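Visitor: Positions 234 to 576 (the working numbering) are the ones given, in order, by the sequence shown. Heads up, the beta-carbon is just placed ideally off N, CA and C, and yes, glycines get one too. In this text the structure is predicted, and so the values were computed from the model without any measurement.
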Amino acid sequence: MKSAIRQRALELGFDDCHFTSAAVPASAEKFQSWLTGKKHGEMAWLERNAEKRVDPQKVLVDAKSVIVLAASYETGNRKLEIGNRKSGVVARYARFDDYHDIIGEGLKRLTEFVNRLGGMETRSLWYVDTGPLLERDLAQRAGLGFVGKHTNLISRGLGNWIFLSEIITTLELAPDAPEKNRCGSCTRCMTACRTNAIPAPFQLDARRCISYLTIELKGSIPVELRPAIGNRIYGCDDCLAACPWNKFARAGNLMKSHGRENLAAPDLIELLQLDAASFKSRFAGSPILRTKRRGLLRNVCVALGNTGEESALPHLQKAAEDSEPLIVEHARWAMEQIESRRK
Numbered sequence: 234m235k236s237a238i239r240q241r242a243l244e245l246g247f248d249d250c251h252f253t254s255a256a257v258p259a260s261a262e263k264f265q266s267w268l269t270g271k272k273h274g275e276m277a278w279l280e281r282n283a284e285k286r287v288d289p290q291k292v293l294v295d296a297k298s299v300i301v302l303a304a305s306y307e308t309g310n311r312k313l314e315i316g317n318r319k320s321g322v323v324a325r326y327a328r329f330d331d332y333h334d335i336i337g338e339g340l341k342r343l344t345e346f347v348n349r350l351g352g353m354e355t356r357s358l359w360y361v362d363t364g365p366l367l368e369r370d371l372a373q374r375a376g377l378g379f380v381g382k383h384t385n386l387i388s389r390g391l392g393n394w395i396f397l398s399e400i401i402t403t404l405e406l407a408p409d410a411p412e413k414n415r416c417g418s419c420t421r422c423m424t425a426c427r428t429n430a431i432p433a434p435f436q437l438d439a440r441r442c443i444s445y446l447t448i449e450l451k452g453s454i455p456v457e458l459r460p461a462i463g464n465r466i467y468g469c470d471d472c473l474a475a476c477p478w479n480k481f482a483r484a485g486n487l488m489k490s491h492g493r494e495n496l497a498a499p500d501l502i503e504l505l506q507l508d509a510a511s512f513k514s515r516f517a518g519s520p521i522l523r524t525k526r527r528g529l530l531r532n533v534c535v536a537l538g539n540t541g542e543e544s545a546l547p548h549l550q551k552a553a554e555d556s557e558p559l560i561v562e563h564a565r566w567a568m569e570q571i572e573s574r575r576k
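Written out as structure tokens, the structure reads:
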């Protein structure tokens with residue numbers, strides 16, 4: 234049965250498929266301690282469903298197994314774009330159509346296949362990183378990869394550039410052997426982090442993470458952290474890109490035809506001029522919609538404050554008159570930074 238499911242997963246475009254039990258993850262206590270320490274910042278949804286995350290049985294009653302899948306978003310281009318003084322950097326995973334939709338379609342079909350194999354009594358639920366599961370821990374227990382010192386999953390065959398998804402099911406499937414940690418003495422991911430968001434191996438303070446600051450944080454970015462963001466306007470790949478296991482990464486199947494080339498190095502001034510309608514039009518079907526216009530333009534202002542030249546000042550002045558106070562605040566900060574550099 235496992236071989237049939239794995240084969241079907243590969244046919245649907247997934248790059249790897251492993252199996253584990255629906256038992257409580259070994260990291261459940263560590264996760265709860267992380268929440269208690271408020272390291273998750275404003276991501277209140279992690280607290281709201283914490284009870285389910287630490288016990289898969291509360292996600293699906295009588296669950297026996299979890300099928301963990303990987304979809305690579307490696308494009309085959311090993312050069313990590315850093316943009317220039319006029320462009321912003323978007324995290325690699327967001328340079329595609331929304332992965333939730335793309336992977337979700339394949340997951341739905343695979344879940345239907347699993348239920349047919351198991352018979353009428355089989356019940357299954359699928360998730361694309363939105364479900365209340367400690368997916369990285371389950372993926373390591375399933376042998377798909379190991380959780381690195383940056384707290385992301387690393388696959389020996391796919392590197393860091395992977396989306397995870399799961400099917401939790403009442404069908405009993407023999408678990409695969411777990412993967413062991415293979416970071417060794419390497420600390421490249423920790424060194425690469427510009428904001429010290431990884432203060433110790435396997436510890437992440439999301440409140441300092443550039444991905445959190447540019448995506449999950451809805452309000453003002455702390456002034457002391459703004460310079461470290463550079464020209465990153467949506468997410469950050471620094472800790473992932475530093476990992477030596479990426480030398481084994483290979484282009485994925487599901488995502489390769491869904492890339493958005495216009496997000497490789499978007500023009501900052503052009504983005505700053507987006508109104509509500511043009512923002513929605515430009516990023517329709519993209520993960521970037523999550524930040525809403527106010528969040529993205531906040532990030533663009535910070536990027537211009539860090540890398541912009543005097544020619545950006547008139548555009549920032551216009552942004553400083555925006556109806557959104559969040560944009561106004563960051564535009565004014567950006568102008569101050571640029572003006573201070575010309576003195």
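(1) Can you have a look at Lys341 and say buried or exposed, based on whether 16 or more other CB atoms are within 10 angstroms of its CB?
(2) Quick check on DSSP: helix, strand or coil for Tyr445?
(3) Arg493 and Asp334: beta carbons closer than 9 Å?
(4) Compare the C-alpha of Arg239 against each of Arg526, Ala375, Ser418 and name the closest.
(5) Check for me: the beta strand (DSSP E) holding Glu399 runs from which residue to which?
(6) Along the alpha helix (DSSP H) that carries Ala497, what are the first and last residues, could you check?
(7) Am I right that Ala327 and Gly468 are in contact with their C-beta atoms under 8 Å? What's the rounded C-beta distance?
(8) According to the Cβ coordinates, are Phe396 and Ile300 closer than 9 Å?
(9) Are Arg659 and Ile443 closer than 9 Å when you measure CB to CB?
(10) Can you list, in chain order, the residues of its chain with a C-beta nearer than 6 Å to that of Gly246? Leave out the 5 residues immediately preceding and following it.
(11) Output the residue ranges of the alpha helix (DSSP H) runs that lie fully inside the region 334-374 and measure 4 residues or longer, sorted by chain position.
(12) Got a sec, what are the start and stop residues for the beta strand (DSSP E) Cys250 sits in?
(13) Pull the bridge partners of Arg304 from the DSSP assignment, please.
(14) For the beta strand (DSSP E) containing Arg241, name the first residue and the last one.
(15) Assuming Ile454 is part of the alpha helix (DSSP H), what are its boundary residues?
(16) On a CA-only basis, which of Tyr332, Thr253, Leu268, Ala536 is nearest Leu446? Give me that one, please.
(17) Identify which residue in Arg415, Glu543, Ala564 has its Cα closest to the Cα of Leu529.
(18) Taking C-alpha atoms, which residue in Arg526, Asn539, Arg241, Ala461 lies nearest to Ile349?
(19) Tell me the residue span of the alpha helix (DSSP H) that contains Arg440.
Guide: Result, derived from the coordinates:
(1) Here residue 341 corresponds to residue number 108 of the sequence shown, with the count starting at 1. Lys341 comes out exposed.
(2) As a working mapping, residue 445 is identified with position 212 in the sequence shown. In the structure shown, Tyr445 falls within a helical segment according to DSSP collapsed to helix, strand and coil.
(3) What you label residue 493 is simply residue 260 of the sequence shown in a count that begins at 1. What you label residue 334 is simply residue 101 of the sequence shown in a count that begins at 1. No, Cβ-Cβ distance for Arg493 and Asp334 is not below 9 Å.
(4) Position 6 of the sequence shown, counted from the start, is the residue given in the question as residue 239. When only C-alpha atoms are compared, the closest one is Ala375.
(5) Residue mapping note: residue 399 aligns to position 166 of the sequence shown, counting from 1. Residues 395-402.
(6) Start at 1 with the first residue of the sequence shown, and residue 497 comes out as number 264. Segment: none, Ala497 is in no alpha helix (DSSP H) and carries neither H nor E.
(7) Mapped onto the sequence shown, residue 327 falls at position 94. Mapped onto the sequence shown, residue 468 falls at position 235. Ala327 to Gly468, Cβ: 6 Å. Contact.
(8) Counted from its first residue, the sequence shown places residue 396 at position 163. Counted from its first residue, the sequence shown places residue 300 at position 67. Taking the C-beta atoms as reference points, Ile300 is found no nearer than 9 Å to Phe396.
(9) The requested residue 659 is not part of the displayed model; the chain covers only 234 to 576.
(10) By one-based count along the sequence shown, residue 246 stands at place 13. Within its own chain, the residues whose Cβ lies closer than 6 Å to the Cβ of Gly246, once the five positions on either side in sequence are excluded, are Gly339, Asn486, Leu487, listed in chain order.
(11) Annotation note: the region 334-374 contains the following uninterrupted alpha helix (DSSP H) runs of length 4 or greater, listed N- to C-terminal: 368-374.
(12) For the purposes of this step, residue 250 is taken as the residue at position 17 of the sequence shown. Its beta strand (DSSP E) spans residues 249-254.
(13) Along the sequence shown, read from residue 1 onward, the residue named residue 304 stands at position 71. Residue 304 is actually Ala in this sequence, not Arg. BP columns for Ala304 point to Phe396.
(14) By 1-based counting over the sequence shown, the position of residue 241 is 8. No beta strand (DSSP E) holds Arg241; the alpha helix (DSSP H) holding it covers 235-244.
(15) Counting from 1 along the sequence shown, the entry for residue 454 is found at position 221. Annotation for Ile454: no alpha helix (DSSP H) segment contains it, and DSSP assigns it neither H nor E.
(16) Numbered from its first residue, the sequence shown carries residue 446 at position 213. Taking only the C-alpha atoms, the option nearest Leu446 is Ala536.
(17) As a working note, residue 529 is residue 296 in the sequence shown. If we check each option's Cα against that of Leu529, Ala564 comes out closest.
(18) Looking up residue 349 in the sequence shown gives position 116. Note that residue 349 corresponds to Arg in the displayed sequence, not to Ile. For Arg349, the nearest C-alpha among the options comes from Arg241.
(19) Translated into the one-based positions of the sequence shown, residue 440 becomes position 207. Per DSSP, Arg440 belongs to no alpha helix (DSSP H) and is neither H nor E.
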